[in-house]
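Taking it in order: structure first as structure tokens, then the write-up.
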Amino acid sequence: MWPDSAWNNPRCGDGTYGDREKPEVVASAYGLTLLNNDGSSQPNQQGTSFSAPQVAGLAALLAERNADLIDEPEAMRAIIMASAVHNVHGPSGIPTGQDLEDGAGAIDAALADSIAGVGYEDVYQYPYPACEGPCWWSNYVYNNYPGHPGNFPPGTYRWYYFKATKGERIRVVLAWVSDPAGPGGGYAADLLHTDLDLAIFDPDGQGPVANGYSASHDNSYEIVDFVTEKTGQYAIGVYKNAGTTEYLNSIGLAWVKDATYLPDLRNKGGFVSQVYIRNDGAEPRNVQVHYFDYLGIPPNPSHPSDTCVLNPNQHCWINVFDLQRIPSGSRASAIVDGGEDVSVTVLNVHQASPYTTGSFAGLNETSDSLFVPLLMRYNSNWHSDLTVFNAGSQSASVTVQYVDAAGNVCSYPFSLATNGSKNIDLRTSPGCSLPPPFVGGARVYSTNGQPLAAVANEWRDNPADGVPDSFMAYEAFPAGATSSFQPLLMRDNNTWYTGASFQDTAGSSGSVTTTYFPQDSGVQCGSSGSYGLVANGIAIANPLPPSGQCGSPFVGSGRATRSAGFVSVVNQATTASLKAMSYSAVGQGTQTVVLPLVLKNRNVPWGTGTWSSGLTVQNLGDSQATVRIVYYNADGSLLGWSEQDRQVPARASHVYNPAPTSGGVVTFEGSAVVMADQPIAVVVNLIASGSSDDTAMSYTGVSH
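Right under this line is the structure:
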């Protein structure tokens, strides 16, 4: 935030209530780089003159997404405030009586876009159907117009409905028109002739729900931020207070859900899941975790959820075996409330010989269509399993369409209960006639529009005894992009090699072009355009970089591009042991990436050996990036030492191994925040020394 910002609230009337809150939202205003018309830049610019155009630009993008928003300013304001769930300073939402620095929070274009696509602005459609996902409403309403669908007399409610599942964080914003005295009056006064309140009622009609009521006196908006305790249809009640005489007004409503989904939790076959949850927000908060079995009900009714009480930058550790959160012999899923201010990583650990581990980052994006770039069946003793979770508010009709290099093999339809999941073992029960050996991918989609989340596992069973001796995991992709970045690629780096699988997401043919950069070097060392993708197909690139390019040994980064959308997953394996790990390549980076778990020389209770982390940071931008890493102890306190700022060339990467790299930090268990002035992607490798077992796993850092 710009250090000289003045966020003092305006005075309200006679001062009886004094709960007018400004600003409503904030945007970046410090350390900005501006581009001139001639392409030159002005670094380190600051001031609210630069933040205001960002909010205006977001409004323009939302109007481009949905033209119905062009003449619905109150809906636009509600969308922008509802999606601003990341609080830079102070608590989430706008509690009455506090002079906050950032209002509802910092603007979030991606979340705002998730709301803008679906909206209702025709008052003659009222009452509207319940929204299955984030949406908005906007209407003219009348104080006294009997028989008109916009009639809204004082002392009554106007109702809107949405569907949500248990454990999701929900934010709802109501906005309406005030009467600013300007421009001749200099906007010195802003009269509020209509007074509305906002209340949320649960699927059983009970309410208002906890934290689901807002009744400020001096704002022309109301905001609630709460966690759902039930699955089903919620009611938004807009109440007009008695005494309102204004004939006509315009109201806008918007809601968004903010959650992290963990599709694959295990207490079965020797595997036990370890969950690390980090509070990335600026204030202490209670983070709730709700568990679900394959039918969408708590696997242990006596312990259906957990609450982690977390200070900023603190993480908690949950072993699902403890308290039989997930009973022995079972698999389950979970929802963590919050996604923008929370980051999660899951470790699936086989806790007896042969020791083997895999990890994935919690998913805060869902989609009714997911892409899984690499699945195997009887491929040199490599197999895969896939866990699909229904994040929707009703039963999902799901199809897994397996694909190979030619684009199609077979399809497997099934149903999932709300919050239910299904694990598909390709070796024993793929669901359709999948020939061995199989190397391909899958498209997973809901035919009735329910949002899904999924995690894929790859595992090797050399003895063919049903127990994996190598194991790795990655997250399914909700969408493709025209670029894919691989922060860490290796060839013969102490016997480590990397390979990748690419998958078309656009339903069109076209080659993938890959380029490679040695670590710390912005000079491209090789490229290949030979990876052809047919519509819906996959292509395997192994090794990357290809032999004959970039020398050997090689440690560096990669960038793949294509004219149509695609996704990519990277596998890392060593020929010297059973160690193997996998990560999802990044389509688009951010300037802040959170790493929920970082270890250095730590003996942990869930595994064997001494564990350390290697961090690889790739600059995805077109110019040099300044990268800073700050470490936090497990209790949220600052480690007291951070990595020295490093200049990383465009497209290149830098490896911190083991991290923290300071010689003064001998052991460490905590988290890290990686920041840069260019978009970045980060991969974390967790490896235990002193074992030939597969004590290695990898996850992609959480972008905020």
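Quick note: the sequence shown uses this note's numbering, first residue 3, plus one each step.
Quick reminder that beta carbons are idealized off the backbone N, C-alpha and C, glycines included.
Every value quoted in this text rests on a predicted model; they were computed, and no experiment measured them.
Going by C-alpha distance, which of the options is nearest residue i?
i, options, result
"Tyr476", "Ala456, Val469, Asn495", "Ala456"
"Val1", "Asn635, Cys434, Leu617", "Here the chain covers residues 3 to 706 and nothing more, so residue 1 does not appear."
"Ala62", "Ser51, Pro75, Ala393", "Pro75"
"Asn153", "Gly105, Val240, Pro136", "Val240"
"Pro651", "Gln626, Asn635, Asp227, Leu71", "Gln626"
"Leu490", "Arg653, Asp21, Ser413", "Arg653"
"Cys434", "Gly443, Tyr414, Thr420", "Tyr414"
"Pro314", "Pro156, Gly638, Ala678", "Gly638"
"Arg333", "Val446, Ala84, Asn269, Leu60", "Asn269"
"Gln326", "Leu267, Thr368, Glu66", "Leu267"
"Thr230", "Ile253, Glu460, Pro453, Pro205", "Pro205"
"Gly135", "Asp115, Val125, Asp181, Thr196", "Asp115"
"Val525", "Tyr658, Trp161, Ser559", "Ser559"
"Thr500", "Thr563, Ala508, Ser532, Ala587", "Ala587"
"Leu688", "Ser655, Leu349, Ser664", "Leu349"
"Leu640", "Cys412, Pro662, Gly254", "Pro662"
"Lys165", "Ala54, Lys232, Asn68", "Lys232"
"Pro548", "Gly528, His88, Asp406, Pro432", "Gly528"
"Leu727", "Tyr163, Asp406, Pro185, Glu170", "Shown here, the chain extends from 3 to 706; a query on residue 727 therefore has no answer."
"Tyr236", "Gln208, Ser216, Ser615", "Gln208"
"Tyr159", "Ser532, Phe203, Pro182, Ser691", "Phe203"
Is the Cβ of residue i closer than 8 Å to any Cβ of chain C?
i, result
"Asp73", "Here there is only one protein chain, and chain C is not present."
Just reading off the beta strand (DSSP E) that residue i is part of, what are its end residues?
i, result
"Pro332", "Sequence inspection shows Ser at residue 332; the Pro mentioned does not correspond to that position. It spans 332-339 - the beta strand (DSSP E) in which Ser332 sits, taken as one unbroken run."
"Glu66", "Premise fails: Glu66 lies in the alpha helix (DSSP H), 50-67, not in any beta strand (DSSP E)."
"Val351", "344-352"
"Arg429", "Note, Arg429: premise wrong, no beta strand (DSSP E); not H, not E."
"Pro520", "512-520"
"Gly509", "Taken as a continuous stretch (DSSP letters only), Gly509 belongs to no beta strand (DSSP E), as it is neither H nor E."
"Glu460", "454-462"
"Arg173", "171-178"
"Phe479", "Looking at the DSSP string, Phe479 is not in any beta strand (DSSP E), and its letter there is neither H nor E."
"Asn538", "No beta strand (DSSP E) holds Asn538; DSSP gives it neither H nor E."
"His385", "384-392"
"Val258", "250-270"
"Tyr223", "223-229"
"Leu372", "371-379"
"Tyr241", "234-242"
"Cys412", "412-418"
"Ile72", "Ile72 -> no beta strand (DSSP E), and no H or E assigned at all."
"Gln403", "398-405"
"Phe203", "198-203"
"Leu37", "34-37"
"Phe154", "Phe154 -> no beta strand (DSSP E), and no H or E assigned at all."
"Ser448", "440-448"
"Pro165", "Residue identity differs from the one stated: residue 165 is Lys in this sequence, not Pro. Where Lys165 is concerned, the enclosing beta strand (DSSP E) stretches over 159-166."
"Ser361", "358-363"
For residue i, which residues in the same chain have their Cβ closer than 8 Å to its Cβ, ignoring the five residues on either side in sequence?
i, result
"Thr309", "Asn288, Val289, Gln290, Val291"
"Leu428", "Leu377, Met378, Arg379, His385, Ser386, Asp387, Leu388, Leu436, Phe440"
"Ala1", "The requested residue 1 is not part of the displayed model; the chain covers only 3 to 706."
"Leu312", "Ile279, Arg280, Asn281, Pro286, Arg287, Asn288, Val289, Cys318, Gly638"
Tell me which residues share the same chain as residue i and place their Cβ nearer than 6 Å to its Cβ, disregarding the 5 neighbours each side in the sequence.
i, result
"His352", "Gly272, Phe273, Thr358"
"Arg280", "His317, Ser345, Pro598, Ser673"
"Glu645", "Ile631"
"Ile72", "Ala65"
"Met699", "Thr359, Gly360, Ser361, Met583, Leu688"
Going by beta carbon distance, what residues of the same chain come within less than 7 Å of residue i, once the five residues before and after it are set aside?
i, result
"Tyr701", "Thr347, Ser361, Phe362, Ala363, Tyr585, Val686"
"Asn425", "Arg333, Asp387, Thr389"
"Glu60", "A quick correction: the sequence has Leu, not Glu, at residue 60. The residues are Ile82, Ile109, Ala111, Ala114."
"Ile96", "Glu23, Leu102, Gly105, Ala106, Ile225"
"Asn146", "Pro155"
"Asp707", "Because the chain is modelled from 3 through 706, residue 707 falls outside the range shown and cannot be assessed."
Using 8 Å as the Cβ pair cut-off and three pairs as the minimum, do the region 466-474 and the region 337-346 touch? no
Segments assigned alpha helix (DSSP H), at least 4 residues, entirely inside the region 74-140: 75-85, 111-118
Three or more C-beta pairs under 8 Å: does that hold for the region 275-283 against the region 233-248? no
Would you check if the region 494-504 and the region 597-614 touch, i.e. whether three or more CB-CB distances between them fall below 8 Å? no
Segments assigned beta strand (DSSP E), at least 3 residues, entirely inside the region 278-334: 287-294, 307-312, 317-321
Taking 8 Å as the cut-off, does the region 212-231 touch the region 189-204 (at least 3 CB pairs, one atom from each stretch)? yes
Which runs of the alpha helix (DSSP H) spanning at least 4 residues fall entirely within the region 635-706, listed in chain order? none
Would you mind listing the beta strand (DSSP E) stretches within the region 552-637 that are 3+ residues and don't spill past its ends, in chain order? 556-576, 582-586, 592-602, 612-621, 627-635
Is the region 130-145 touching the region 32-49 in the sense that three or more CB pairs, one from each, lie closer than 8 Å? no
If you pair each beta-carbon of the region 393-405 with each one of the region 447-456, do three or more pairs fall below 8 Å? yes
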